[in-house]
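Below is one structure, written out as structure tokens; comments come after it.
Residue numbers (the working numbering): 20 to 153.
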């Protein structure tokens with residue numbers, strides 16, 4: 020949503036000629052200059068990109084991957100953009116992804132220690148516990 024907001028700020032005052040010349044016309048026809056979260060290829064944002072399995076190791080690994088994917092997106096944008104008013108917020112967002120990656124990495128290092136010590140493979144035993152004897 021942050022990139023969408025930046026895009027809105029950059030496009031809200033475009034003239035019809037600028038819209039056509041820049042190739043922004045197809046987006047403009049559908050969304051005017053409104054915020055419409057979508058991938059660069061035009062695929063709209065949806066919740067399918069969030070994965071949760073209820074397993075701490077799996078979910079933390081997915082979180083790590085998501086942070087890295089976001090960081091790479093910011094890296095790619097920074098390679099293409101020279102406007103300092105756009106670059107500075109992107110640099111902040113990129114740094115935030117790095118910090119999130121580090122914190123999820125810390126959690127991933129701690130998670131196996133918090134799980135059953137006999138669980139050598141770091142899988143989630145929560146649903147496979149042996150039945151308690153009465």
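Just so you know, even glycine gets a beta-carbon here, dropped at the ideal spot from N, CA and C.
Going by DSSP, residue 30 is part of the alpha helix (DSSP H) stretching over 21-30. Between the C-alpha atoms of residue 116 and residue 84 there is a straight-line separation of about 11 Å.
Between the beta-carbon of residue 130 and that of residue 75 there is about 5 Å, and that keeps the pair under the 8 Å contact cut. The alpha-carbon separation between residue 20 and residue 54 amounts to approximately 8 Å. Distance from residue 30 to residue 45 at the Cβ level is roughly 13 Å; contact not present, criterion being Cβ atoms closer than 8 Å. Counting C-beta pairs with one atom in each stretch, the stretch 81-99 and the stretch 108-126 have three or more that are closer than 8 Å, which means they touch.
Between residue 70 and residue 81, the C-beta gap is smaller than 7 Å, which places the two residues in contact. Contact between residue 109 and residue 96 holds, with the beta-carbon distance rounding to 6 Å and staying under 8 Å.
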